[in-house]
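Enquirer: Dropping the structure in here first, questions after.
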Amino acid sequence: GQQLNQSPQSMFIQEGEDVSMNCTSSSIFNTWLWYKQDPGEGPVLLIALYKAGELTSNGRLTAQFGITRKDSFLNISASIPSDVGIYFCAGSEYNNNDMRFGAGTRLTVKP
Amino acid sequence: SQTIHQWPATLVQPVGSPLSLECTVEGTSNPNLYWYRQAAGRGLQLLFYSVGIGQISSEVPQNLSASRPQDRQFILSSKKLLLSDSGFYLCAWKGPRNSPLHFGNGTRLTVT
Chain Z
1 GQQLNQSPQS MFIQEGEDVS MNCTSSSIFN TWLWYKQDPG EGPVLLIALY KAGELTSNGR
61 LTAQFGITRK DSFLNISASI PSDVGIYFCA GSEYNNNDMR FGAGTRLTVK P
Chain R
112 SQTIHQWPAT LVQPVGSPLS LECTVEGTSN PNLYWYRQAA GRGLQLLFYS VGIGQISSEV
172 PQNLSASRPQ DRQFILSSKK LLLSDSGFYL CAWKGPRNSP LHFGNGTRLT VT
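Encoded structure:
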């Protein structure tokens with residue numbers, strides 16, 4: 001089945017710094033999604049990507065769908081304390097109903 | 112707008128007891144429905160998904176089962192819980208084709 005590798009596993013940064021995390025897959029994906037999970041809650045969708053090469057922003061967040069369709073990255077600019085949480089990438093092949101998730105990147109922001 | 116409800120929020124059950132977690136979706140019809148499990152500090156493991164009433168696909172062989180008795184209702188069950196069943200269970204729904212997943216608030220299950 002599909003394998004998603006997400007890195008880094010964790011990040012410790014100072015408030016105001018930029019953050020970058022990425023995911024790679026073993027197969028070609030038709031959709032890449034990025035989620036954030038706060039403690040004790042379900043993941044919340046941040047950005048959805050549907051085309052190879054697509055670059056999409058949501059406030060301070062920017063994500064890109066890799067040209068090879070096997071990777072995606074998420075950047076957070078000028079981090080703030082409320083950015084703390086676990087960030088997940090997710091993807092699926094065309095018409096594939098079983099969305100797969102990366103292992104997550106745990107972000108800690110020091111004020 | 113669409114909403115997803117999942118209950119209970121927390122549950123403590125003894126080993127060997129049965130389990131029933133329920134998830135319902137409002138504001139949409141014929142959604143794809145999903146059950147994921149998340150171990151502490153870990154990623155999301157897909158357990159079951161359903162593309163329609165009575166249609167269940169199982170991803171991981173285990174002592175859990177899922178049922179979809181109605182279009183917008185998805186139930187996760189077990190006849191006898193194991194210690195290893197402890198975790199955070201998340202229900203999710205999605206629309207057609209490449210629509211994104213939307214998650215409920217989860218159920219934290221502790222098997223003692």
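Respectively, the protein sequence lines represent chains Z and R. Here the first sequence is numbered in our numbering, starting from 1 and rising by one per residue. Here the second sequence is numbered in our numbering, starting from 112 and rising by one per residue. Glycine included, each C-beta is placed from N, C-alpha and C at the ideal position. These figures come from a predicted structure and were not determined experimentally.
Give the interface partners of tyrosine 160/R over in chain Z, defined as CB-CB distance under 8 angstroms, in chain order.
Expert: Those are Asn97, Asp98, listed as they occur along chain Z.
Enquirer: Using a Cβ-Cβ cutoff of less than 8 angstroms, which residues in the same chain neighbour glutamate 54/Z once the five nearest sequence positions on both sides are dropped?
Expert: Counting only Cβ-Cβ distances below 8 angstroms, and skipping sequence neighbours, we find Gln64, Phe65.
Enquirer: If the criterion is Cβ atoms closer than 8 angstroms, does the pair arginine 100/Z and leucine 201/R meet it?
Expert: Result no, Cβ atoms of arginine 100/Z and leucine 201/R do not sit closer than 8 angstroms.
Enquirer: Mapping the DSSP letters down to three states, classify aspartate 83/Z as helix, strand or coil.
Expert: DSSP places aspartate 83/Z in helix when its eight states are reduced to three.
Enquirer: Using the DSSP secondary-structure output, state which residues sit across from methionine 11/Z in a beta bridge.
Expert: Answer is Leu107/Z.
Enquirer: Is DSSP giving serine 195/R helix, strand or coil here?
Expert: Correct three-state label for serine 195/R: helix.
Enquirer: Buried or exposed for leucine 194/R, please, with buried defined as at least 16 other CB atoms from any protein chain shown within 10 angstroms of its CB.
Expert: Classification of leucine 194/R: exposed, given that the 10 Å Cβ count is below 16.
Enquirer: List, in chain order, every chain R residue whose beta-carbon is nearer than 8 angstroms to that of proline 8/Z.
Expert: By Cβ distance, chain R contributes nothing, its closest Cβ being about 14 angstroms from proline 8/Z, past 8 angstroms.
Enquirer: Would you say phenylalanine 214/R lies against chain Z (beta-carbon separation less than 8 angstroms)?
Expert: It does; some Cβ of chain Z falls within 8 angstroms.
Enquirer: Quick check: what's the CA-CA separation for valine 162/R versus serine 168/R?
Expert: Their Cα atoms are separated by approximately 9 angstroms.
Enquirer: Give the residues from the segment 17-47 of chain Z that approach chain R closer than 9 angstroms (Cβ to any Cβ), ordered along the chain.
Expert: So the close ones are Asn30, Thr31, Leu33, Tyr35, Gln37, Gly40, Glu41, Gly42, Pro43, Val44, Leu45.
Enquirer: Under the three-state reduction of DSSP, which class applies to glycine 112/Z: helix, strand or coil?
Expert: The structure shown has nothing for residue 112/Z, since chain Z only spans 1 to 111.
Enquirer: Quick one, are the C-beta atoms of asparagine 113/Z and serine 92/Z less than 8 angstroms apart?
Expert: Residue 113/Z is absent from the model: chain Z starts at 1 and stops at 111.
Enquirer: Pull out every residue of the segment 183-210 of chain R whose Cβ sits closer than 9 angstroms to any Cβ of chain Z, in chain order.
Expert: Within the segment 183-210 of chain R, the qualifying residues are Phe199, Leu201, Cys202, Ala203, Lys205, Arg208, Asn209, Ser210.
Enquirer: Put glycine 1/Z into one of helix, strand or coil per three-state DSSP.
Expert: For glycine 1/Z, the predicted structure reports a pLDDT of 48, less than 50, and the residue's modelled location is therefore unreliable. A value from the coordinates is still provided. The answer is coil: DSSP assigns glycine 1/Z none of H, G, I, E or B.
Enquirer: If you draw a straight line from the C-alpha of leucine 192/R to the C-alpha of glutamate 15/Z, how long is it?
Expert: One C-alpha to the other measures close to 43 angstroms.
Enquirer: Beta-carbon within less than 7 angstroms of threonine 24/Z's beta-carbon, same chain only, minus the 5 sequence neighbours each way: which residues are those?
Expert: Same-chain partners within the cutoff: Asn5, Lys70, Asp71.
Enquirer: Whose C-beta lies closer than 6 angstroms to the C-beta of proline 111/Z among residues of the same chain, with five residues either side of it excluded?
Expert: Excluding residues within five positions, the ones whose Cβ falls inside 6 angstroms are Glu15, Pro81.
Enquirer: What is the DSSP secondary structure of methionine 21/Z, counted as helix, strand or coil?
Expert: The answer is strand: DSSP assigns methionine 21/Z an E or B state.
Enquirer: In terms of alpha-carbon separation, which member of Asp83/Z, Arg106/Z, Cys89/Z lies closest to tyrosine 35/Z?
Expert: Nearest of Asp83/Z, Arg106/Z, Cys89/Z to tyrosine 35/Z, Cα basis: Cys89/Z.
Enquirer: Rounded to whole angstroms, what's the CA-CA distance from tyrosine 87/Z to phenylalanine 12/Z? Just pull it up for me.
Expert: If you take the alpha carbons of tyrosine 87/Z and phenylalanine 12/Z, they lie about 13 angstroms apart.
Enquirer: If you reduce the DSSP assignment to three classes, tell me which class valine 162/R lands in.
Expert: Strand, per DSSP.
Enquirer: From the DSSP output, which residues share a beta bridge with phenylalanine 65/Z?
Expert: According to DSSP, which records beta bridges pairwise, phenylalanine 65/Z is partnered with Ser72/Z.
Enquirer: I'd like to know whether the C-beta of glycine 154/R is nearer than 8 angstroms to at least one C-beta of chain Z.
Expert: Yes, its Cβ sits closer than 8 angstroms to a Cβ of chain Z.
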